[in-house]
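Written below as structure tokens is the structure these notes are about.
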Amino acid sequence: MAQLRVECYSGHKADERPLRFYLGERCFEVEEVLDQWYGPEDTWFRVRAGDGGRYVLRHRQHGNEDTWSLEAFRR
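Letter 26 of the sequence shown, counting from 1, is numbered 38 in the working numbering, and no numbers are missing.
Shown next, in the form of structure tokens:
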């Protein structure tokens with residue numbers, strides 16, 4: 013599986029919303045955040061990328077853990 017890296021807009025708080033993400037060497041520009049919701053330790057983003065795909069990204073911040081994961085994809 014390709015490594016995921018996410019670049020975010022940071023406004024009044026860090027990592028407020030994703031701007032682009034990389035799967036391996038391939039870059040996906042986030043054109044629209046379609047939905048956002050919160051769990052006890054996670055923030056979830058449903059986004060539409062420049063390739064027309066819809067992705068669900070999870071940002072986990074718990075203790076020293078600060079990770080992103082790709083949870084779903086739909087063409």
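Even glycine gets a Cβ: it sits at the ideal position worked out from N, Cα and C.
(message) Is Leu69 near the ligand GTP - that is, is its Cβ less than 7 Å away from at least one heavy atom of it?
(response) Among the components of this structure there are no ligands whatsoever, and the ligand GTP is therefore not found.
(request) Might you give, ordered along the chain, the residues of its own chain that have their beta carbon closer than 8 Å to the beta carbon of Asp63, omitting 5 neighbours on each side? (result) Numbered from 1 along the sequence shown, position 51 holds the residue referred to as residue 63. Within the same chain, Cβ atoms closer than 8 Å to the Cβ of Asp63 are found at Phe40, the five residues on either side in sequence being excluded.
(request) State yes or no: is the C-beta of Glu77 within less than 8 Å of the C-beta of Arg60? (result) Residue mapping note: residue 77 aligns to position 65 of the sequence shown, counting from 1. Residue mapping note: residue 60 aligns to position 48 of the sequence shown, counting from 1. Cβ atoms of Glu77 and Arg60: not closer than 8 Å.
(message) How far does the beta strand (DSSP E) with Gln48 in it extend, from its first residue to its last?
(response) Here the question's residue 48 lines up with position 36 in the sequence shown. Looking at the DSSP string, the run of the beta strand (DSSP E) that includes Gln48 is Arg38 to Tyr50.
(message) Using CA atoms only, rank isn't needed, just tell me which of Val18, Gly65, Tyr50 and Gln48 is closest to Glu37.
(response) As a first step, residue 37 must be located in the sequence shown, where it is residue number 25. Ranking the options by Cα distance to Glu37, first place goes to Val18.
(request) Under 8 Å Cβ to Cβ from Leu35, same chain only, skipping five residues before and after it: list those, please. (result) Within the sequence shown, residue 35 is the residue found at index 23, counting from 1. Here the set comprises Ala14, Gln15, Leu16 and Leu82.
(request) Starting from the C-beta of Gly51, find all residues in its chain whose C-beta is less than 7 Å away, skip the five residues before and the five after it, and write them out in chain order. (result) Numbered from its first residue, the sequence shown carries residue 51 at position 39. Within the same chain, Gly51 has no close Cβ partners at all.
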